[in-house]
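Protein chains in written order, with the working numbering: chain A, 94 to 1077; chain B, 34 to 216.
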């Protein structure tokens, strides 16, 4: 039974007690505790159930490598599953719940899986649930999903906020242990801009627990003075609770900072994602102790030897009264000494090696502890907590020679350097057989743009496991006890039979055992990557920090090959899980995406506009009045515009000025028709195609002066077309004298449309907008009332129409003036849907409706807008290719339903027969379809095979469900075919 | 024009730094060969130099910034921008040049306070800590384009497009909130 010791605990503050709950049970801990140390301190050894077999599980580790002790934390909107208790700091009022069980932690029905473990081997679901097919989806999968899986999903939106920050430095040192501190000191003293980050709240790593002397000082004293010096350096930035999640190309490191997990709801960002550009990265990420694979190595109370001494020294928590230590190395004897120093009992040290002569074993023996050499653990006794261990010969098959009662087992299978960051970007590893570990190969580092190493590794992360090695590598003297070589122990005992291997866990979090990996090898899985996926070894949220090396060693033995021949799986970021909130940062709610607003947006909002997203703009679709449906609003807006006068906010329209001696030549290349011949003061409609001949944008071009043109683009196309122009000017025609500028946002633009449009402008006064002075397709500028206006006489509706551009700062005032002055004329605003319907009534095409990237102007009957005189324009050559001139290309026609109904959007016209794929052949499709209040029935445009030659022919289009709609092929211009209304 | 308004009409928020929209500001884009004598002469007539790469020079309330190898941005009072655009256009009529008033295409903000840099650090990948006075950075704030420079010992000026002024103000406000200081 674990408990809090009455003295000690270097990280806790006994003056600051904290209350929390575990499964509703009130518990207490201290400031400085982790959830894990507080749970153990309160006697809670069993903290969860396992993933697959629902075996009772306890805390194994004391850091980021913990596989078992994950809990749900918080409640309702602030509930979060799978919180690692060993890295989560305790806070007042923390509510924790255990996972993976039903109905309770103590009694879990799912534990029946543990009894039937033989039927749940690696890949069992691939093998078992083959038939009947439907049963997988409806029966097997729901049952398995209920029985497996980790914590529950929060049901409410996350109320917390998160943020990202960019940082830059010459050198980033990852890890605040003694190696990291020494490296940061060296770089800091050299005047470099240094960042030093540490994932835990504390500096010094595990040296304060393990002890030793550095540079002639007690280790803690050296750490304190190093911290003092680093803090005094202005060029060094130090941060704790900041984990380096990944090392990416170009020295880009993602850091994850924990800010407000212990103060939920205080308004600060909960987590912060650091995006660090480091000139060079030094990883000082330490090493992780490996478990040993013996039967029952997952029973609550079996822990890593280093974790046992961490809990005693750091948090004054005794994991058990009587501890058995099982090891293959000398380092674990430090745990025996720590236990003895705390006044607790070491029942025995079980050492798999035949002989132990090192200083540490000698010191332990000298204190009267039994050391059993050449022995191993055959089996752990106990189910919900350890009650004892059966001892056997390590070389044998598990026959028990004695049983030792205990309530804690401290195991050590040696140490593995944390090579994740080194490996993320291609740093290679080499197998060190003496120490049984993969260590970074300095000759094959991750490389930067210039081919040199972008990362260096120091300390235990480099395989320098002892203090003298670590500090020696950094040029600093250090002393600690000599350590004898370890013995490679991948299975305990070496000849363990099936019954033991079935209970010897490699991956605790995914419940993968020695037997599973051996089964995979027998079934032909030779690649470690395949075995990983088949058995799920190392695929849990801990990414196999404890299991990977043991697993691939077992695989190697099963395949009869050396470990380096098997190799490792791929190390992928993040090092430990990071919250999706931190990835999202500020981009949620109103800031999810930039919303572009026109100068009149607030007016539209106040009038309750229904919105249509157009690019990042949000344009009024219509302005419904009280009790009015959107469709009725659209019909009203159209009728009023055609009868009186309507206003459209056209500010989103792209407006690009093109100037220079070669501007005319440039525009002749961009547009299909001639722009160089456009007289000053006049407007011309133009089409733009890409190099493949496909129509990509359209709009009216106005010639402002001898060498200046203003190109209007579609709302969604403005930025793209501006980029397109710059691309050609910068990369292809760099010697042409042309400058362009995107003035889209400089101007508010208002379309004043309808038979009374001229009356309205004349009410503002100041400019002559008569037919004689300002005829159709011309522009003029001056003072319209008090406004600095440029007025274009252009029409997209077929009505008398002016588009008025004023500086954006005057846009709202002009709009309000027009609304006020137009009241007597019946002025109403209209939205994009009315715009769409009115242009369809006139047979005008819309980019994105009639075009979809596969349509050329010729398909749309726009040959009149394609110059035949020009020797070249973008797309010309492509449009001469055989497929583009194929007479069977579908062509644009108008479509009129015989019964007046509206054809559904996206309808196709079926043809006789079926194609090679057994699909019905088609002869056309609808591109635009609306109810026209002007005509009083459904109108549409569509692309139809030989359409223009089939005027008057009746064909069928698909309607709702299976119904067919009879449609007559007609001219696409439904309204005012001669264009008299726009030309008054 | 008495009713001319900026995008956010001076909206201000207090946090660990004060973020504010500045109201209407005049801005003129000049595209030209930056090495031409005509340009130097035209600007000199207005009391302005041709800035070196990445520089922004301020003379008597006006600033001129280097935006690209063939583009400058002149910042001035809003109401003088139209006439100044005319004068420069005329002065550069002998050059291949484009001078255009972009005052209303932009929104301008200030971030004021000892920790103003930290607001920018949260939004832009530029290395603000090493940005000297007199340099302008064309970069981005979160998802939109922005340019910024040190306009005062404790003030950063930032320019964005007008249509996204509300988004940029939202970014600045949330990034400057009390309690989220970085250092």
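Even glycine gets a Cβ: it sits at the ideal position worked out from N, Cα and C.
Within 10 angstroms of the Cβ of residue i, are there 16 or more other Cβ atoms? Answer buried if so, exposed if not.
i, result
"residue 1077 (chain A)", "exposed"
"residue 839 (chain A)", "buried"
"residue 137 (chain A)", "buried"
"residue 976 (chain A)", "exposed"
"residue 327 (chain A)", "exposed"
"residue 543 (chain A)", "exposed"
"residue 203 (chain B)", "buried"
"residue 710 (chain A)", "buried"
"residue 619 (chain A)", "exposed"
List, in chain order, every chain A residue whose beta-carbon is nearer than 8 Å to that of residue i.
i, result
"residue 62 (chain B)", "834"
"residue 157 (chain B)", "259"
"residue 154 (chain B)", "258, 259 and 260"
"residue 46 (chain B)", "What residue 46 (chain B) touches in chain A: nothing, since even the nearest Cβ is about 14 Å away."
Report all residues from its chain with a CB closer than 7 Å to the CB of residue i; omit the five preceding and five following residues, and keep chain order.
i, result
"residue 135 (chain B)", "60, 61 and 62"
"residue 277 (chain A)", "266, 287, 289, 323 and 329"
"residue 402 (chain A)", "302, 427, 428 and 431"
"residue 261 (chain A)", "370"
"residue 382 (chain A)", "397, 398, 399, 505 and 508"
Classify residue i as helix, strand or coil using the three-state DSSP reduction.
i, result
"residue 446 (chain A)", "coil"
"residue 895 (chain A)", "strand"
"residue 814 (chain A)", "helix"
"residue 931 (chain A)", "helix"
"residue 77 (chain B)", "helix"
"residue 111 (chain B)", "helix"
"residue 581 (chain A)", "coil"
"residue 207 (chain A)", "helix"
"residue 405 (chain A)", "helix"
"residue 34 (chain B)", "Its pLDDT being 49, under 50, residue 34 (chain B) is placed unreliably by the model, and nothing is read from it."
"residue 835 (chain A)", "strand"
"residue 976 (chain A)", "coil"
"residue 1074 (chain A)", "helix"
"residue 703 (chain A)", "strand"
"residue 314 (chain A)", "helix"
"residue 1025 (chain A)", "strand"
"residue 40 (chain B)", "coil"
"residue 195 (chain A)", "coil"
"residue 768 (chain A)", "coil"
Just the chain A side, please: which residues come within less than 7 Å of residue i by C-beta, in chain order?
i, result
"residue 57 (chain B)", "902"
Keeping to the same chain, check which residues put their C-beta closer than 6 Å to that of residue i; ignore five residues upstream and five downstream.
i, result
"residue 204 (chain A)", "147"
"residue 807 (chain A)", "790 and 940"
"residue 355 (chain A)", "182 and 184"
With a CB to CB cut of under 8 Å and the five nearest residues on each side skipped, what residues in its chain are close to residue i?
i, result
"residue 517 (chain A)", "339, 340, 341, 539, 664, 665 and 666"
"residue 101 (chain A)", "405, 406, 409 and 435"
"residue 829 (chain A)", "753, 755, 758, 759 and 822"
"residue 117 (chain B)", "59, 61, 79, 107 and 109"
"residue 214 (chain A)", "608, 609 and 612"
"residue 998 (chain A)", "1019 and 1022"
Taking Cβ-Cβ distances shorter than 8 Å, what residues in chain B pair up with residue i?
i, result
"residue 830 (chain A)", "129"
"residue 691 (chain A)", "196"
Whose Cβ in chain B lies nearer than 9 Å to the Cβ of residue i?
i, result
"residue 173 (chain A)", "Within 9 Å Cβ-Cβ: nothing; residue 173 (chain A) doesn't reach chain B, min ~21 Å."
"residue 839 (chain A)", "133, 134, 135, 136, 137, 138, 139 and 195"
Run through chain A and tell me which residues come within less than 9 Å of residue i, C-beta to C-beta.
i, result
"residue 187 (chain B)", "Correct list: empty, because the minimum Cβ distance to chain A is about 19 Å."
"residue 76 (chain B)", "The contacting residues do not exist; residue 76 (chain B) stays about 17 Å from chain A at best."
Cβ of residue i versus every heavy atom of the ligand FAD: is any distance shorter than 7 Å?
i, result
"residue 1033 (chain A)", "Among the components of this structure there are no ligands whatsoever, and the ligand FAD is therefore not found."
Output the residue ranges of the beta strand (DSSP E) runs that lie fully inside the segment 516 to 544 of chain A and measure 3 residues or longer, sorted by chain position.
522 to 525 and 530 to 533
Along the chain, which unbroken stretches of the beta strand (DSSP E) at least 3 residues long are found entirely within the segment 840 to 889 of chain A?
840 to 846, 872 to 877 and 880 to 885
Alpha helix (DSSP H) runs contained entirely in the segment 434 to 491 of chain A, provided each spans 4 or more residues
452 to 459
Considering only residues of the segment 223 to 310 of chain A, which uninterrupted alpha helix (DSSP H) runs meet the minimum length of 4 residues and lie entirely inside it, listed in chain order?
234 to 240, 271 to 282 and 300 to 303
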